[in-house]
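This report refers to the structure that appears directly beneath it.
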Amino acid sequence: MKSRSSASTATDLHKQGQQRRQTLKTLLALGLTPATASLLSACNKAPDTSAAVQEFWVSAQGRDASQFGLGWVQPEAGYASQSAHTAVSGFRGHGAVQHPLRPDAVLMVSRQPGTECVEVNLLSGEVTARFACQPGRHLHGHACFSADGRQLFTTESDFVSGLGKIVVRDASTYQWLGEFDSHGIGPHELKMMPDGKTLVVANGGLRTHPDSGRKILNLDTMRSSLSYLRASDGVLLDEQTLTETKASIRHLDIAADGTVAVATQVQRAAMADNHIVAPGAVHSPGKTLQPLPAPVPLLSQFNDYMGSVAVHNGERIAGFSSPRGNLVAFWHLDRHELLGYHAFHDVCGLTISHDQRYFVLSNSAGQLRRINARTLQEQPDLRLQISAMHWDNHMISLTLNTTS
């Protein structure tokens with residue numbers, strides 16, 4: 001880990017002492033005491049508006065249809081439990097994304113195989129928009145915006161063909177504009193690459209149908225892939241696959257240099273044998289998709305399931321959550337080295353705090369924990385318990401000016 005020295009040299013301390021003595025002489029000559037000078041200085045300062053900028057942690061939440069909605073909390077408000085709010089949606093949500101042109105608006109996408117999305121204003125707490133798929137389509141729980149914020153992309157499936165689609169909508173009205181193939185089946189999470197022109201899509205390879213709920217209809221023939229598509233027209237630019245064909249690539253996050261970390265869910269019932277599979281992988285530009293190694297006992301503990309992934313750019317660390325394994329684990333993006341892990345019951349939500357100091361973890365019991373991004377040690381004094389919340393799979397961190 002990096003270390004920083006905060007000790008001053010003897011010369012520095014001597015200079016500081018001289019400066020303090022000279023300042024005191026000047027104040028006394030003016031007939032002011034240091035305390036009076038401090039008061040005048042405070043009165044003459046420009047108003048501090050930083051307190052108006054608040055961090056929000058946002059996630060789908062709820063245990064049943066009467067509670068399902070988008071939930072959020074302001075962790076640094078000094079009254080976190082009182083700052084917790086939910087906008088009821090009427091359906092179970094999955095992923096959420098902040099609107100780049102209207103920062104106080106967050107879009108929540110329904111869990112697969114749902115068909116609805118809602119937009120919620122975090123400042124008013126109101127549902128401000130709602131839309132549904134075209135007939136014959138269902139959602140896969142995730143969406144992202146174009147680089148200019150004018151278009152919305154959602155992952156969807158065609159009921160009849162079973163093929164994955166990327167649907168394009170106007171980001172101001174949510175009207176359908178068009179669509180193109182995801183170049184796979186069961187597209188799940190997608191994000192815009194740092195170039196602002198390329199979409200990366202996790203094609204899970206699993207076919208479902210609303211009439212069958214979440215039952216997988218093609219385990220024997222499933223094919224999962226990580227696809228890079230030209231955002232303007234859907235042209236396939238690159239495709240990556242894993243050696244283990246029954247590892248369904250579901251979630252992803254992207255580093256600033258274009259390195260992509262992916263979280264998989266292994267369909268063990270369809271495997272030919274019971275060998276242990278690494279559920280996390282990394283794709284670096286110009287290389288192939290590489291599974292992330294770990295001791296076999298730890299890999300076994302993940303129970304073939306990673307639920308979320310978050311990349312910390314500064315530390316070059318990817319964190320992965322496993323609700324079935326009750327673990328969060330951390331790997332170095334470049335060295336592919338396991339750096340540590342943390343036990344946390346039913347953990348799934350995973351994001352980076354706005355100040356970049358912490359990995360933020362959430363679970364279905366309304367608990368929130370912070371892992372120091374440098375030391376990978378939890379800070380128990382920063383734990384939060386929001387008993388009214390039942391955080392779902394994914395959490396995002398954002399900031400808003402609450403005075404506007």
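At position 126 of the sequence shown the residue is numbered 126 (UniProt numbering), and the sequence of numbers has no breaks.
C-beta: ideal position from N, C-alpha, C; glycine also.
In this structure, N363 lies near F344, with their beta-carbon atoms less than 8 Å apart. Its chain contains D304 as the residues whose beta carbon lies nearer than 6 Å to that of R268, once the 5 sequence neighbours on both sides are disregarded; these appear in chain order.
Annotation: Q74 is outside any beta strand (DSSP E) and is labelled neither H nor E by DSSP. Per DSSP, the continuous beta strand (DSSP E) segment holding Q61 begins and ends at 53-61.
If you keep only unbroken alpha helix (DSSP H) runs of at least 4 residues inside the stretch 156-199, you get nothing at all.
If you compare the alpha carbons of T245, Q112, H275 with that of P210, the shortest gap goes to Q112. In its chain, beyond the 5 residues on either side, V53, Q54, F56, P103, D104, L122, L123 have a beta carbon closer than 8 Å to the beta carbon of L400. C-alpha of H275 to C-alpha of L298: approximately 14 Å in a straight line.
For Y228 and T241, the gap between their C-alpha atoms comes out near 12 Å. C-alpha of A365 to C-alpha of P323: approximately 12 Å in a straight line.
Rounded to the nearest whole angstrom, the C-alpha separation of H138 and F320 is 27 Å. If you draw a straight line from the Cα of K215 to the Cα of G204, it comes to about 14 Å. Rounded to whole angstroms, the gap between the alpha carbons of A231 and A255 is 19 Å.
Here G93 is bridged, per DSSP, to S110. If you draw a straight line from the Cα of G314 to the Cα of A147, it is about 22 Å long. Q379 sits exposed, since fewer than 16 C-beta atoms from the chains shown fall within 10 Å of its C-beta. Under DSSP, the beta-bridge partners assigned to T399 are E55. Per DSSP, the continuous alpha helix (DSSP H) segment holding Q301 begins and ends at 296-301. For G213 against I185, the beta-carbon gap comes to about 17 Å, at or over 8 Å, which does not count as contact.
Here the alpha carbon of V73 sits roughly 14 Å from the alpha carbon of G62. Rounded to the nearest angstrom, the Cβ distance from L152 to A171 is 5 Å, consistent with a contact under 8 Å. Residue state for R374 is assigned as coil, using DSSP reduced to three classes. DSSP places T86 in the uninterrupted beta strand (DSSP E) bounded by 85-88. Closest in alpha carbon position to H142, among T402, T403, H394, is H394. Under DSSP, S66 forms no beta bridge with any residue.
Setting aside the 5 residues that flank it on each side, A294 is surrounded in the same chain by L338, each with a C-beta closer than 6 Å to its C-beta; the list follows chain order. Between A263 and G307, the C-beta gap is smaller than 8 Å, which places the two residues in contact.
Here T259 is buried: its Cβ has 16 or more other Cβ atoms, across all protein chains shown, within 10 Å. In the three-state scheme derived from DSSP, where H, G and I count as helix and E and B as strand, S212 is classed as helix. Between T288 and L237, the C-beta gap is not smaller than 8 Å, which leaves the two residues out of contact. Nearest neighbour of L398 by Cα position, chosen from T351, R369, I317, turns out to be T351.
Note that the C-beta distance between H336 and V282 is below 8 Å. Residue environment for D253: buried (at least 16 other C-beta atoms within 10 angstroms of its C-beta). Spanning the alpha carbons of E116 and A261 requires a straight line of approximately 28 Å. Taking the Cα positions, R383 is about 39 Å away from T245.
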